[in-house]
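Numbering (the working numbering), first residue to last: 18 to 174.
Cβ coordinates follow ideal geometry from the N, Cα and C atoms, glycine included.
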């Protein structure tokens with residue numbers, strides 16, 4: 018503000034009529050141009066930030082949709098995780114029966130029976146490997162955490 022006062026005093030001391038007004042108008046125009054450019058720069062920055070925020074919101078919405086889809090899968094994953102017990106019990110019965118069938122095949126010398134026992138034993142072993150992968154699912158934090166949460170809900174009902 019001090020500079021403006023000095024300039025105005027200097028302009029008033031000039032002896033050329035109208036020069037003071039012209040200089041004043043020139044200063045006003047320069048100031049307005051500066052203000053417009055500064056405002057434009059801020060406007061561009063706000064647009065850039067707004068675009069970034071819109072992209073961020075869109076990304077968050079997509080992630081929320083995926084989270085909702087995963088939450089819908091959790092009960093099914095829990096059912097799959099409980100399958101190991103449901104499948105392993107019959108597998109144990111089959112394995113014990115295969116042991117008896119193998120013994121019978123060896124005693125009677127029945128190669129066809131022994132081949133069938135081997136094929137079934139291989140299939141049972143493969144099922145056991147698959148069920149081991151299902152057991153890993155039981156310990157997954159998402160399934161285990163939600164299982165505790167689900168059981169709490171069930172208690173309250």
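In its chain, beyond the 5 residues on either side, no residue has a beta carbon closer than 6 Å to the beta carbon of residue 88. Closest by C-alpha distance to residue 147, out of 137, 100, 47, is 100. One thing to note: residue 141 has its Cβ within 7 Å of the Cβ of residue 111.
In the three-state DSSP reduction, residue 156 falls in the coil class, being neither helix nor strand. Classified as exposed, residue 38 has fewer than 16 neighbouring CB atoms from the shown chains inside 10 Å of its CB. A direct Cα-Cα distance of roughly 50 Å separates residue 70 from residue 144. Cβ neighbours of residue 139 within its own chain (closer than 6 Å, five residues either side excluded): none. DSSP, reduced to helix, strand and coil, places residue 127 outside both helices and strands of the structure shown, so it counts as coil.
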